[in-house]
Amino acid sequence: MTLPDGGSDKEVIRLLKDKLRAEWDEWAKKEKILEQELLRVCRGNSELNKELTAVKDDNKNLLDNLQVLSGLHLQPLGSRSITLKFIADTSRPPPPCTVHRG
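Written as structure tokens, this is what we have:
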């Protein structure tokens, strides 16, 4: 086969290989950038998971301390919900007083 400009099949093959190689190089660059971004996001996610675990542990410790301080750990399971409701009810501010004057 001869190209319109007088080139041969070998020249066509070489040009196609060069084009494919250039496209592959471009895809490889994009893939490397995406891979780096993915690693950055994964590291950030890992750090967030560590922080969340630490906060969860802190919250559990605070709850355990609250239960010990309030004596809930000594109560049977059924009365715990009543005590928790009482604590929740008494920790709310009282409703505003309204005096009707007639």
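Numbers given in our numbering equal positions in the sequence shown, counted from 1, plus 41. Cβ atoms here follow ideal geometry from the backbone N, Cα and C, with glycine treated the same way. If you're wondering where the values come from, they're calculated on a predicted model, not measured in any experiment.
When the Cα atoms are used, residue 110 and residue 85 turn out to be separated by approximately 37 Å. For residue 112, no alpha helix (DSSP H) segment is defined, and its DSSP state is neither H nor E. Assigned with DSSP and collapsed to three states, residue 49 falls in strand. The alpha-carbon separation between residue 52 and residue 81 amounts to approximately 44 Å.
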